[in-house]
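Residue numbers (the UniProt record's numbering): 1 to 327. C-beta: ideal position from N, C-alpha, C; glycine also. Worksheet for the structure shown next.
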C-alpha cells in the first residue's frame, strides 16, 4: 500500500509517500532508494503557544493550522502502488492526552542501565507547553515523534531528572568528570528529549530541531517570571542518544593473529541519525552500555552516547544538516 502523508506545521504542508509492508507496519524509505523532490520551505511563528499572552504550563496547547507555503516531499518506491491513503499530520503543542504515547516512546527508545521513572518524565514533557513539539495525526493525540528541552535546574527535584543526572555523573569517565560537573553546576543546561518512530521521514528532522530553537526563543521573550525565564536561557543541551553497535565483526574465530593486525572496529548506528552529527560538535561525550533483551544473541549491543552540545553548536549543526539534505 502506498501511504500519502500530509504534514502541517506553522504554515507548512508536506506530501510524503510511504510504503506499508506485508506485516502491516509503515516504514520510511531509505534515502539511497528513493527520489526526493524538495521545494522551498518557509517557517512562520504561527503555533498557538506563540500567540499566547503568557506561558501557562498547566494548560493544554493546541496548534492552529497555518496557511503559508507548501513543501512537497515525494518518496518514490519501486514496489506496486495499489492504494493511496491521505492522512493529515500536524506539529502540535504538548498536552495531557499525549502522555501514554510519549511514555511509550521513552520506554522503547530510552534505555539507561538503571531504573527510570518514565511516568514522571512523560508527565513533565506533556505538561511543558512553552517548549516542545509533538508530531500527531490530524485530529488525534497519538504521538509519532516529539522533541523538547527540559531545564535541569527547573526540574531538579523531579525523580526522573535526578535519575538521569545520577546516571550521567556516575558513568562519566574520570578525565571528563570535572568538566562535566563544572558545566552542570555553572551553566544552564537543557535535557533534550528527541524520540520518534522509525517511520517518520528523515526530511522532517531539521524542522523539528528548528522548532525547538524557535520555542526556546519564544519562551525567553514571552515569559514574565524571571526565574522561569532564566531557566530557558540554555547554554548547553544534554543529549542521551541511543546507539546500536554491530559487534559481530568483533567475534572472530580463534586462530593465529597476523603480525600487525588489529580487530575490526565495531559499526555504530545512531537511533536518530542527526545525533551522530551533534556528537561530533559536542564539548564532551562518552558512551554508557545499556541492556536490551531484544538484542541478545543478535550480534548487536546497545549503548547511550551522552553528550553536552552548546545551543549555538546545535543550531549551526541543524543548519548544515538542512543544507546537506536539500542538496
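Do you know how far the Cα of residue 134 is from the Cα of residue 198?
15 Å
Reducing DSSP to helix, strand and coil, say where residue 155 ends up.
coil
Let me know the alpha helix (DSSP H) ranges lying completely inside the segment 192-241, each 4 residues or longer, listed in chain order.
205-222 and 226-231
Distance CB(residue 237)-CB(residue 122) smaller than 8 Å:
no
Measuring straight from C-alpha to C-alpha, what distance separates residue 226 and residue 219?
12 Å
Going by C-alpha to C-alpha distance, which of 90, 243 and 186 sits closest to residue 304?
243
Length of the line joining the Cα atoms of residue 193 and residue 319
19 Å
Give a yes or no on whether the C-beta atoms belonging to residue 328 and residue 286 are separated by under 8 Å.
Nothing about residue 328 can be reported from this structure: the residues present for the chain run from 1 to 327 only.
Note down, in chain order, each residue of its chain lying with its Cβ closer than 7 Å to the Cβ of residue 120, except the 5 sequence neighbours on either side.
158, 159 and 160
Bridge partners for residue 146 per DSSP, in chain order?
134 and 195
Quick check on residue 231: buried or exposed, where buried means 16 or more other Cβ atoms within 10 Å of its Cβ?
buried
Taking 6 Å as the limit between beta carbons, can you name the residues of its chain near residue 23, skipping five residues before and five after?
Note that residue 23 has pLDDT 36, beneath the 50 cutoff, so the model's placement of it is unreliable and the number below is only indicative. There are no such residues.
By Cβ distance below 7 Å, which residues in the same chain neighbour residue 216 in space, the five residues on each side in sequence not counted?
131, 149, 232 and 234
Mind checking which residues open and close the alpha helix (DSSP H) that includes residue 248?
First-last for residue 248: undefined, no H or E at that position.
So, helix, strand or coil for residue 171, using DSSP?
helix
Find the nearest neighbour of residue 274 within the set 313, 93 and 188, judged by alpha-carbon distance.
313
What are the boundary residues of the alpha helix (DSSP H) that residue 126 is part of?
118-127
According to DSSP, is residue 273 part of a helix, a strand, or is it coil?
coil
Using DSSP bridges, identify the partner residues of residue 307.
239 and 285
Could you give the DSSP three-state label for residue 329: helix, strand or coil?
For the chain, the structure presents residues 1 to 327; residue 329 sits outside this window and is missing.
Identity of the residue in 283, 325 and 323 nearest residue 180 by Cα
283
Which residues does DSSP list as the beta-bridge partners of residue 301?
245
So if DSSP puts residue 181 in a beta bridge, which residue, or which two residues, is it bridged to?
According to DSSP, residue 181 bridges with nothing at all.
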